[in-house]
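Novice:
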Amino acid sequence: MQGVPTVQKRVMRFRHLDMNLLVALDAILTHQNITRASERLCLSQSATSGILARLREHFEDDLVVRSGRRMALTPLAEELINPLSAILSETEKLLAMRSAFDPASSDRQFTIACSDYVWATLIVEIISHLRLIAPSVNIYYQGPSSRFYKTDIDLLIVPDRFMLEDCHFIPLPPKAYVCIVWANNDLIGKSISLEDFLEVRHAQAYSERTTFIEAWFLKQFGKAPRAGITAPSFTLLPDALIGTHFLALVPQDLAERAAAHLPIRTVEVPFELPLMTDVLQWRRSHDRDPGLQWMRDEVVRVAAQKSKSKR
1387 MQGVPTVQKR VMRFRHLDMN LLVALDAILT HQNITRASER LCLSQSATSG ILARLREHFE
1447 DDLVVRSGRR MALTPLAEEL INPLSAILSE TEKLLAMRSA FDPASSDRQF TIACSDYVWA
1507 TLIVEIISHL RLIAPSVNIY YQGPSSRFYK TDIDLLIVPD RFMLEDCHFI PLPPKAYVCI
1567 VWANNDLIGK SISLEDFLEV RHAQAYSERT TFIEAWFLKQ FGKAPRAGIT APSFTLLPDA
1627 LIGTHFLALV PQDLAERAAA HLPIRTVEVP FELPLMTDVL QWRRSHDRDP GLQWMRDEVV
1687 RVAAQKSKSK R
């Protein structure tokens, strides 16, 4: 390395960094802000600060420094931007140059991050579908979505209001909510008034923040449904109704799945319930991966078939 300019020496040290650190470096140099870089990477601020400390040690430079009330890049960091962009771009090209993906013979593993509801109503059908066309392909669950930028997660399915920035996405077909009760609930008939609906206690899934349904009711009627039960997860709401006079709002496909083996029935409500839309997301660097392109197509195809069958 003798005689090579100091900046070039440090740029050449990219080869000693793994892809996670390169992606983190790109986020830090792009945003020049730990909070925003943390959000992009789906990591805590302390974890991102720890990564920055590792990068500073590696490059023997502060990379980002305070300049007045803002952060600014050091001269070395400015020099790193273009070669880093080139490396990440070349990585994407290498992924695009992979041999054609053959689902019939592939034993590749695909890891999907999603909710238990999405797994129960969509992914299980995809798994069944793949057994016919790709018998050796493996599907694994990983969560939560905050780990998406780690290399062990290929695809993410989340409600559109929680979609991640800096990722490609495809909206999946929207799903309608329906009102369900225990089949032997003698206090609620085939329909219910808005006043009674808001007074009757509901079974709801536990959430640390205001749910989509609660926010919608507050906006529409100035009042949210009254919780009487909070279940550990969305898919357990139908089970929580058995033997009670509670009601629950769940997506139609979950209600239909539960009705196949539980004594529950739907109840008409005097208002139009909102639609829920999930999005399928993946990292930009994996956009041209032929295996992931195929897997995305299969997810979209099965979701569209499910939606079409409900019409």
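Take the sequence shown: its letter number 115 is residue 1501 in the working numbering, and every next letter is one higher. The beta-carbon is built from N, C-alpha and C at its ideal position, and this holds for glycine as well. This one's a predicted model, so the numbers in the text were calculated from it and none came from an experiment.
(1) Please report how far the alpha carbon of residue 1460 lies from the alpha carbon of residue 1415, in whole angstroms.
(2) Does the region 1506-1514 come close enough to the region 1633-1649 that 3 or more CB-CB pairs lie under 8 Å?
(3) Assuming residue 1665 contacts residue 1557 (C-beta within less than 8 Å), just tell me the rounded distance between them.
(4) Kindly indicate the opening and closing residues of the alpha helix (DSSP H) around residue 1431.
(5) Taking all protein chains shown into account, do 16 or more other C-beta atoms lie within 10 angstroms of the C-beta of residue 1675, making it buried, or fewer, making it exposed?
(6) Per DSSP, what kind of secondary structure is residue 1693 in: helix, strand or coil?
(7) With a CB to CB cut of under 8 Å and the five nearest residues on each side skipped, what residues in its chain are close to residue 1617?
(8) Which same chain residues end up closer than 8 Å to residue 1528 when comparing Cβ atoms and leaving out the 5 residues on each side of it in sequence?
(9) Whole angstroms is fine: what's the gap from residue 1424's alpha carbon to residue 1455's?
(10) Looking only at its chain, what residues have a beta carbon closer than 8 Å to the beta carbon of residue 1649, apart from the 5 residues adjacent to it on each side?
(11) Taking the CB atoms as reference points, tell me whether residue 1614 and residue 1587 lie closer together than 8 Å.
(12) Please specify which runs of the beta strand (DSSP E), each continuous and at least 3 residues long, are wholly inside the region 1526-1566, giving them in chain order.
(13) Which of the three DSSP states, helix, strand or coil, is assigned to residue 1577?
(14) Compare the C-alpha of residue 1525 against each of 1405, 1513, 1534 and 1437 and name the closest.
(15) Taking buried to mean at least 16 other C-beta atoms within 10 Å of its own C-beta, is residue 1698 buried or exposed?
(16) On the criterion of 16 or more Cβ atoms from any shown chain inside 10 Å, does residue 1689 qualify as buried, or is it exposed?
(17) Are the region 1658-1672 and the region 1549-1563 touching, with three or more C-beta to C-beta distances below 8 Å?
(18) Classify residue 1534: buried if its beta carbon has 16 or more other beta carbons within 10 angstroms, exposed otherwise.
(19) Buried or exposed: residue 1431, going by 16 or more other Cβ atoms within 10 Å of its Cβ?
(20) Consult DSSP for residue 1487 and reduce its assignment to one of helix, strand or coil.
(21) Less than 8 Å between the beta carbons of residue 1466 and residue 1408, yes or no?
Specialist: In short, the structure shows the following:
(1) 10 Å
(2) yes
(3) 5 Å
(4) 1431-1445
(5) buried
(6) helix
(7) 1589, 1590, 1591, 1592, 1623, 1625 and 1626
(8) 1497, 1498, 1499, 1538 and 1539
(9) 19 Å
(10) 1568, 1569, 1570 and 1628
(11) yes
(12) 1541-1545 and 1553-1557
(13) strand
(14) 1513
(15) No statement about residue 1698 is possible, as the shown extent of the chain runs from 1387 to 1697 and does not include it.
(16) buried
(17) yes
(18) buried
(19) exposed
(20) coil
(21) no
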